[in-house]
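A short write-up of the structure that comes next.
Protein chains in written order, with our numbering: chain F, 11 to 488; chain R, 11 to 488.
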């Protein structure tokens, strides 16, 4: 496990065309992003995977703070009775909860839930803190672990414990709370596209797919390379549901006690799964520069000849000073082995540097996303590397967009939806708005309503033929 | 709770000389660092408290990475059976563990512990990952929540859940593992002194006070303003105890299978408690600039007159661009109210700026640590603020050092130890090394052995009069 042998990695990773799930498992384990924890359904996020998460955190955290949010930390354990205060919420989450019944050698008077999400405990504290209209809005985020006991688990995509951020805000009006809900959806979309290079479709979710306890849920959906959709983030307009359940009230200017309007929103370590499946190829990961733990790897060629190692070390120093995350692979493996290893690990750029290159004052740069190689003069290599990193970031988004847009089709009936999703497409279709038709689509095509699509409403529901209320993106989903 | 009224805060905070514990409680609640969670013994770290933790994290994380450590994330839940693998470890931690017995609506086959510390699960994974001597050293840290069910709790100092970092490393030799143990103790000390402005005494702990499962524990002890000691961080040399328990083995160069040597080390949100009690005064917090959420607060005087608010806003902009964390208090409270509020919150510098100051091209700067006020010319205010922040940081450490050094006394017998600690001192005394004498000191003085002190061994044990093996710092402790 710890040392890879010198075989060709291409042979070790399952064929993504033939067995996409096995390809995924091979990639996450072999690149050491993650390992299975001893308790079923748990994962250990290894340093290479965690470094991606740290980059994601930094990018998002900057955006949250720039939009006026503060971080805090709320307790892991929530009294079970809190969940029962919001009827839909308890129905949605109770079946997945892990429960602490004993502590300090004694049985507890009330069992405690490990948070599956924290609306209830934020609600409880907001009720205590909020007194006057002057205290509003309250805009707090937390970075935390949460736990949802799942039957079928896969690293990053669905695990009993995962890491996430959850924003919880309280406002004085419906308009302001809805604006927050939509703003954060916009922040997520901008982040997904500009940092993860993943184009996403954002929109409202159906009643069936919404968060338990919300008035309305909005999601962003990303297409994976097998044509399935991955819900990469959600924002919830909670109306006064939790304000009522937890008595989140304030004294308004007019002297009246009023209930606040609340929102919540979150993204999780699932995003790492999205990165893998939106960009990866048969050689392994392809990471966008903005979140790649290593942006450039330098591989010395004929490392023992002349001053190769010195020049490589100088180049490393230079790039580091220029703010590039760079790794010099000075291990005793062969260049070919190193090429495979770092391609598998998805490093955006590889610089190859040997005695002849140094003589000629150049280096070869390999782009992981396009597999193209070019010679670059050593004396302008920093700016060239920076330009190339920017180009990779941009081109990866564009390539993902082209891939996805080529796989969005339209359907006017159930057969069309089935045909579309079986071919690995997102299918746009009209929907009357009734639960029966939505359930029928799921039963017959294994596709679910992802989000309402923008644009004009199509004329009829693909199932019942009645007047359509919405155009919906249907897809099979993770 | 949410809005403070305009009373004088000095009257609202208990007298620190008369009732230090109440002073502490008043300060942590009134400055909104923390609140009590709904489950007994838990805390909500509020934005102002969490911002201190973020600054602590950033400073430490940089130091960990600079010394070759990587971050990762290991699961919260640990099979109970893991704890029984290391005999001392289970004895030390089992009584404090919170246990999950039910999840997903079913009773679990094996109860799961919420991690009180993660040696066992790191050990389990290191055993799987470690194969060859080439894989060593393994140097991983994690930032996580942990849980220890405590009977008596106080925010930051002792809570059932707290946040911390825990480093876990594996090495090929005793020397290297011991070097890591001492290096990290050095990192903690440098951080405590240069960032928290808290002088610490580092040294080895007695067998009685060591970590359950360690060969040797080293701690850093800080003096609080009541003369009690706070253990602010520990590093543990674990020898091969956990390597044996979890089979952490590797194939060495010579073809033999060998056990690794491991270490662990951690600091927690306790450090925030240390900051409060090492520096605070009757007006509230005094925060060192390096970890203060707000380093400078600007208070406009006669804010509605002339261009006061514009000049204040410009100044804020200027200081922000210079990398200073600055807050402009443009609320409608009176300047006096704001002075009290931000003094209580421990902001290192306050800038007062009114119409006459603007006319004269100057501002008044108030130092929270010395309570001194000085006039500064507006056109060189950025550099002056930076100099003052550096001076506050340095002077706070120096002041704390003088306070502490004036309260280290020597004793040659039990009565001397009792007298010393009753007067709020650290007491240095000789100790023969036997458990009976250590227990007797605790029973009769309520002081514990904090760490072995540097320097020559005194001649005799303060209890039994036999030859002393160590000089020990005895103190009452948090």
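Beta carbons are placed, not taken as given, at the ideal position from N, Cα and C, and that holds for glycine.
Proximity winner among the options, relative to residue i (alpha-carbon distances)
i, options, result
"residue 437 of chain F", "F/221, F/205 and F/238", "F/238"
"residue 310 of chain R", "R/334, R/355 and R/349", "R/349"
"residue 301 of chain F", "F/281, F/314, F/292 and F/308", "F/281"
"residue 209 of chain R", "R/161, R/284 and R/136", "R/284"
"residue 78 of chain R", "R/22, R/194, R/102 and R/162", "R/194"
"residue 211 of chain R", "R/234, R/24, R/221 and R/222", "R/234"
"residue 320 of chain F", "F/339, F/333, F/334 and F/304", "F/339"
"residue 492 of chain R", "R/450, R/434, R/187 and R/383", "For residue 492 of chain R there is no data in the structure shown, the boundaries of chain R being 11 and 488."
"residue 135 of chain F", "R/329, R/42, R/189 and R/480", "R/42"
"residue 67 of chain F", "F/381, F/429, F/427 and F/174", "F/174"
"residue 420 of chain F", "F/440, F/303 and F/218", "F/440"
Span separating the alpha-carbon of residue i from that of residue j
i, j, result
"residue 11 of chain F", "residue 124 of chain F", "Annotation note: pLDDT 34 at residue 11 of chain F (below 50); position unreliable, no value reported."
"residue 269 of chain F", "residue 92 of chain F", "18 Å"
"residue 258 of chain F", "residue 182 of chain F", "11 Å"
"residue 250 of chain F", "residue 297 of chain R", "39 Å"
"residue 317 of chain R", "residue 205 of chain R", "37 Å"
"residue 36 of chain R", "residue 459 of chain R", "30 Å"
"residue 111 of chain F", "residue 122 of chain R", "11 Å"
"residue 472 of chain R", "residue 457 of chain R", "13 Å"
"residue 119 of chain R", "residue 307 of chain F", "46 Å"
"residue 18 of chain R", "residue 163 of chain F", "With a pLDDT of 47 at residue 18 of chain R, under the threshold of 50, the modelled position of that residue is not reliable, and no figure is offered here."
"residue 74 of chain R", "residue 57 of chain F", "13 Å"
"residue 326 of chain R", "residue 390 of chain R", "14 Å"
"residue 222 of chain R", "residue 230 of chain R", "17 Å"
"residue 355 of chain F", "residue 367 of chain F", "25 Å"
"residue 263 of chain R", "residue 145 of chain R", "12 Å"
"residue 290 of chain F", "residue 191 of chain R", "40 Å"
"residue 315 of chain F", "residue 299 of chain F", "31 Å"
Neighbouring residues, chain R, relative to residue i (Cβ below 9 Å)
i, result
"residue 45 of chain F", "135, 138 and 139"
"residue 89 of chain F", "48 and 49"
"residue 159 of chain F", "113, 114, 115 and 116"
Interface partners of residue i on chain F, CB under 8 Å
i, result
"residue 80 of chain R", "57, 60 and 61"
C-beta contact flag for residue i and residue j at 7 Å
i, j, result
"residue 226 of chain F", "residue 242 of chain F", "no"
"residue 96 of chain R", "residue 252 of chain R", "yes"
"residue 378 of chain F", "residue 365 of chain F", "no"
"residue 272 of chain R", "residue 180 of chain R", "yes"
"residue 53 of chain F", "residue 126 of chain F", "no"
"residue 489 of chain F", "residue 106 of chain F", "With chain F represented from 11 up to 488, any question about residue 489 of chain F goes unanswered, as that position is not in the structure."
"residue 236 of chain R", "residue 84 of chain R", "no"
"residue 372 of chain F", "residue 387 of chain F", "yes"
"residue 108 of chain R", "residue 453 of chain F", "no"
"residue 152 of chain R", "residue 176 of chain R", "yes"
"residue 155 of chain F", "residue 171 of chain F", "yes"
"residue 293 of chain F", "residue 353 of chain F", "yes"
"residue 442 of chain R", "residue 478 of chain R", "yes"
"residue 169 of chain F", "residue 51 of chain F", "yes"
"residue 188 of chain F", "residue 247 of chain F", "yes"
"residue 228 of chain R", "residue 245 of chain R", "yes"
"residue 240 of chain R", "residue 60 of chain R", "no"
Partner residues on chain R for residue i, Cβ-Cβ distance less than 7 Å
i, result
"residue 96 of chain F", "In chain order: nothing, as chain R lies at least about 15 Å away."
"residue 64 of chain F", "81"
"residue 427 of chain F", "By Cβ distance, chain R contributes nothing, its closest Cβ being about 32 Å from residue 427 of chain F, past 7 Å."
Cβ-heavy atom distance, residue i to the ligand ZN, below 6 Å
i, result
"residue 218 of chain F", "Summarising the ligand content, the structure contains no ligands, and the ligand ZN is consequently not present."
Closer than 8 Å at the beta carbon, the chain R residues around residue i
i, result
"residue 173 of chain F", "83"
Residue i: contacting residues in chain F (beta-carbon distance under 9 Å)
i, result
"residue 266 of chain R", "Simply none; closest approach about 17 Å."
"residue 105 of chain R", "114 and 115"
Partner residues on chain F for residue i, Cβ-Cβ distance less than 7 Å
i, result
"residue 108 of chain R", "110 and 113"
"residue 52 of chain R", "85 and 87"
Practice task
Starting from the N-terminal side, write out each stretch of the alpha helix (DSSP H) that is 4 residues or longer and does not extend beyond the stretch 357-435 of chain R.
Solution key: 365-370, 391-415 and 424-432
Exercise for the section: Can you check the stretch 234-262 of chain F for any beta strand (DSSP E) of at least 3 residues that lies completely inside it and give the ranges in chain order? Expected result: 239-249 and 259-261
Problem - Completely contained beta strand (DSSP E) runs for the stretch 446-483 of chain F, where each covers 3 or more residues - result: 458-462
Handout entry: Runs of alpha helix (DSSP H) lying entirely within the stretch 22-108 of chain F, each at least 4 residues, in chain order
Key = 30-40, 57-76, 90-93 and 97-103
Problem - Completely contained beta strand (DSSP E) runs for the stretch 313-364 of chain R, where each covers 3 or more residues - result: 336-338 and 359-363
Problem - In chain order, each alpha helix (DSSP H) run of at least 4 residues that lies wholly inside the stretch 257-304 of chain F - result: 280-289
Exercise for the section: Scan the stretch 137-219 of chain R and note each continuous alpha helix (DSSP H) run of 4 residues or more that stays entirely inside, going in chain order. Expected result: 184-204
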